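Be aware that the sequence shown starts at 456, since it is given in the numbering used here, and climbs by one per residue.
Where a beta carbon is used, it is the ideal one built from N, C-alpha and C, also for glycine.
A quick note: this is a predicted structure, and the numbers were derived from the prediction, not measured.
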Amino acid sequence: MTLRRVNPAGLCPPSGFSHAVTATGGRLVFLAGQTALDAGGRIVAGGLPEQFERALANLLAALRAAGGEPRHLARVTVYATDVAAYRSCARELGEVWRRLAGREYPAMAVVGTTRLWDEQALVELDGVAVLP
456 MTLRRVNPAG LCPPSGFSHA VTATGGRLVF LAGQTALDAG GRIVAGGLPE QFERALANLL
516 AALRAAGGEP RHLARVTVYA TDVAAYRSCA RELGEVWRRL AGREYPAMAV VGTTRLWDEQ
576 ALVELDGVAV LP
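Rendered as structure tokens:
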């Protein structure tokens with residue numbers, strides 16, 4: 456299985472994402488949206504960085520349970536209830552991403568939304584991975 460990150464010279468250099476990811480020879484894993492729920496079903500305390508960290512950890516736990524690793528992520532969508540707050544925390548969120556998932560970035564998008572399924576959730580992540 457091969458994932459290749461594609462970042463064309465004619466596009467703005469990506470920061471924390473890849474413009475495209477190609478995948479060959481693997482098994483697809485579709486990861487459901489994950490918020491910052493703890494094992495008891497409660498949103499963790501703290502603000503956006505803490506919620507992002509827990510949501511990403513939950514997404515990666517689901518991926519690992521399916522037999523994958525962070526490097527297998529081909530696509531992640533982030534849903535944020537406040538895109539301006541998300542942008543203002545970008546550096547800290549990037550640090551969380553690199554600590555939990557490494558430096559091989561999937562194709563990503565951030566989508567603003569008025570609310571999420573979990574009413575206290577500030578952020579939700581879903582994704583697609585390609586496993587060998």
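Helix or strand or just coil, what does DSSP make of residue i?
i, result
"glutamate 579", "strand"
"serine 473", "strand"
"tyrosine 534", "strand"
"arginine 542", "helix"
"valine 551", "helix"
"leucine 466", "coil"
Less than 7 Å separating the beta-carbons of residue i and residue j?
i, j, result
"alanine 584", "leucine 518", "yes"
"glycine 523", "leucine 483", "no"
"leucine 515", "leucine 580", "no"
What residue from the options has the CA that sits closest to residue i's CA?
i, options, result
"alanine 539", "Leu514, Ala494, Val578", "Val578"
"threonine 536", "Gly496, Pro525, Thr490, Val476", "Thr490"
"tyrosine 534", "Met563, Phe485, Thr568", "Thr568"
If residue i sits next to residue j, beta carbons under 8 Å apart, how far is it from one beta carbon to the other, in whole angstroms?
i, j, result
"glycine 582", "arginine 546", "That belief does not hold up - the Cβ atoms of glycine 582 and arginine 546 are roughly 22 Å apart, past 8 Å."
"tyrosine 560", "glycine 471", "6 Å"
"leucine 458", "alanine 478", "5 Å"
Would you call the stretch 542 to 562 and the stretch 507 to 518 touching, i.e. three or more CB-CB distances under 8 Å? Under the three-pair Cβ rule at 8 Å, the stretch 542 to 562 counts as touching the stretch 507 to 518.
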